[in-house]
Structure formats: C-alpha cells, structure tokens
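These protein sequence lines are chains F and G, in that order.
End of the first sequence sits at 1122 in the working numbering; the numbers just go up one at a time, nothing left out.
End of the second sequence sits at 1122 in the working numbering; the numbers just go up one at a time, nothing left out.
There are 2 protein chains.
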Amino acid sequence: MTARAEADPGRPVGVRSTAQKRALAGVLARTTTFRSAQELHAALREEGQRMGLTTVYNQLRALADAGMVDVLQAEDGEALYRRCGTPSHHHHLLCRVCGRTVLVEGRTVERWAARIAAHEGFVDVAHTLEFTGTCGDCSRTAPGSSVGG
Amino acid sequence: MTARAEADPGRPVGVRSTAQKRALAGVLARTTTFRSAQELHAALREEGQRMGLTTVYNQLRALADAGMVDVLQAEDGEALYRRCGTPSHHHHLLCRVCGRTVLVEGRTVERWAARIAAHEGFVDVAHTLEFTGTCGDCSRTAPGSSVGG
DNA sequence: GTAATTGCAAAGGATTTGCTCTGGT
DNA sequence: ACCAGAGCAAATCCTTTGCAATTAC
C-alpha cells in the first residue's frame, strides 16, 4: 500500500500511555535502520523491558496505520519498520548487507502510476516500490556478488 | 528483483520430462492471470492430476529461476505466478478484485534506479515495483473503496 | 470501576526440508 | 540400474487471534 490513513504525527497512538508503548517508541527513536518486529522485540527484552511479541506487533501496526512508522517488506517477506521522519510518501534504497537505508523521494513513480491508472481505467491504484542493493561500504568489505555472468 | 538468471525460454527446466512438469506447464499455458502455488496445485488436482504441493513449489521456483514465469508478491505476501510472455523486464498493474493484470513496461524506473544507485554508491541494485488497483469493470461492479477520506 | 492493553498460548498460512519411493532414460 | 524428481509429513517462520490478567485513567 502507498498513501494510507493520515493521523496527527506526534500524538500517541491509542488512548492510554503505557510503559510498553513508551519503550517501543524509545527504541524506534534511537534506531535509524529498518528492523523487524522480532528484532525490536528482542532489543526491548535485552534492555530489560517486559514486552510481549504480540504487543510489539499490535503497536507496530497501530503506528503504521497512524503513519508514524514506515513499513517495508524485506526480500524474504518479513516486514521491517522504522520511525517515519518524512511525512510525505517516499521509497527506500536498502542495503541488504548492513540494513542501511537511503531515502528516495518518488515524485516520478507517483506521476507514472497516476498516468497508467488513468490510461488503463483503474482506480484506487497503490504501488509498492523498493530498491535493494549493496552499499559502498559493504561492497568493499563483503566479497561476492557482482553483476551476473 | 530485476535482471535475474537468464535461460533459453522454451527449453524444459531440469533434465527429465515428467507428467507433473507437463501438467503444470499446461495449466500455466492456459492461464492468463497470476495464480498462487496453492491455487495452481488445487487446479491440477481438480483436473485429476496426481501432483504434490511440494512439487508445485519446486517446479515454480525452477521455472522462476529460469525466467519462464513471472513472480509477484500479492499484498498479503503470497507469491503469485504466471507464465512469462515478455522476456524483458517489466512490471504489472494488478486488479485486486478480479486478479486481472496489465503489463507495464518500465524503462523509467530502470533508469531511475540506475541513477540513484550510482549517486548513492550502491551496487547490485534490484527493485520491486508493483501496482495494485481496481480495474474499470470491478469498480463498476463492486461498491466501496473510493479515494480515502 | 471500567475498558483499553498486555501477552501467553495456540492457531494460521505460505513455503521449505528430510527422507523415501517412483519412474525416466 | 541409477539418479533426477515426486511428494508426504513435519518443520519453519512470520503474524494473528482467543482470552484472561493487568493497569491506566
């Protein structure tokens, strides 16, 4: 999905403030890379937080719905989350080795999508666009993978 | 994924010809829409073929690796397959109601991806781009879903 | 006090793996 | 005969659901 439900960023999700919500928000605030629900859960546990996996999933979904975190699908299908810094719609270039991400502003696809939709008579068109590659640091460090052939 | 392993289309995958491979090839040949491994398996079973789910997955993966079928991820994460008609890299606009797909030639993204990769110092950059919407027929038939708000 | 939240346990669903039997060549 | 390939059963993995205990307000 692309542009989704909008919400006022900065306002807590849900009606009550709990230690779990705060803890998760804390980890997300301190993290700059995309992390899976499982990783976040593990991280929370490591720092001594009492936190259930279910709650992590619940919270993450709520945060995603509220537009407060970005969600992307890793190549293996796992969902990765990160706090959303840019409110506008955008995409990411993800390093498959170190997980580093670069923001990619995507005015181009947006327009393209709209044009195609109109041309084909489709409505409610959403798009998924993700880039995965090996960043400069990692391609120098890690061997292997070059262009096929 | 973008450019993948290349193979000679038209040549059977694997060394031996089996009834299962032929049956799967048959269904794929007769189908114009993307279908999940599970659906293909069910279809094969219905027409009386003796076919195991495992085999469907194995074959599908082999065919995908050989570039003989297109694979795309549905919104719910399920993988969908269809025989590949166009050898060149392309994308799809998928109707989330009836499953109809429209081919989208994507020279644009290709170039864009290359430019971004170069600019950010990434190598081996692949991309995933999918469009989902409701096609004209379905938006007329099925109610609901209009632009959010 | 009351309902939102938490989170364990179990379910669910796609895909893979272990391993043995079958069948193509 | 020999090994690629078929396929059942069980295992994985991520994610969701049921539901009772907890706790913010």
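C-beta atoms are modelled at their ideal positions from N, C-alpha and C, and glycine is treated no differently.
Here the structure is a predicted model, which is why all the values come from computation and not from measurement.
Interface flag, residue i vs chain G, CB-CB below 8 Å
i, result
"F/Ala1057", "The residue you asked about is not Ala; residue 1057 of chain F is Cys in the sequence shown. With 8 Å as the cut-off, F/Cys1057 does not count as an interface residue toward chain G."
"F/Leu1076", "no"
"F/Phe1007", "no"
"F/Ala1010", "no"
"F/Ala1099", "yes"
"F/Ala1047", "no"
"F/Val1096", "yes"
Residue i at chain F interface by Cβ criterion, 8 Å
i, result
"G/Ser990", "no"
"G/Ser1112", "yes"
"G/Cys1068", "yes"
"G/Cys1071", "no"
"G/Asp1038", "no"
"G/Ala980", "Caution is warranted here: a pLDDT of 44 is assigned to G/Ala980, below 50, making its placement in the model unreliable, and no coordinate value can be reported."
"G/Ala1090", "yes"
"G/Ala1087", "no"
"G/Leu1053", "no"
"G/Glu1103", "yes"
Residues that DSSP places opposite residue i in a beta bridge
i, result
"F/Ala1099", "G/Thr1105"
"F/Ala1056", "The sequence shown places Arg at residue 1056 of chain F, rather than the Ala named in the question. Partner(s): F/Val1042."
Close beta carbons around residue i, own chain, < 7 Å, minus the five adjacent residues each side
i, result
"F/Ala996", "Leu1017, Gln1022, Met1024"
"G/Leu1066", "Thr1074, Val1075, Val1077, Phe1104, Gly1106"
"F/Tyr1030", "Ala1010"
Same chain, Cβ closer than 6 Å to residue i, five either side skipped, listed in chain order
i, result
"G/Ser1009", "Glu1051, Leu1053"
"F/Asp1043", "Arg1055, Cys1057"
"F/Leu1033", "Ala1010, Tyr1054"
"F/Gly1122", "Because F/Gly1122 carries a pLDDT of 33, less than 50, the predicted location of this residue cannot be relied on, and the following value inherits that uncertainty. Contacts found: none."
"G/Gln993", "Met1024, Thr1028"
Beta-carbon proximity list for residue i, same chain, < 8 Å, skipping 5 on both sides
i, result
"F/Ala1002", "Arg1056"
"F/Ser990", "none"
So within the segment 986–1056 of chain F, which uninterrupted alpha helix (DSSP H) runs reach at least 4 residues, ignoring any that extend past its ends? 992–1003, 1010–1019, 1026–1038
Length-filtered (3 minimum) beta strand (DSSP E) runs lying within the segment 1057–1082 of chain F: 1063–1068, 1074–1078
For the segment 1083–1100 of chain F against the segment 1024–1033 of chain F, are there 3 or more C-beta pairs whose distance is under 8 Å? no
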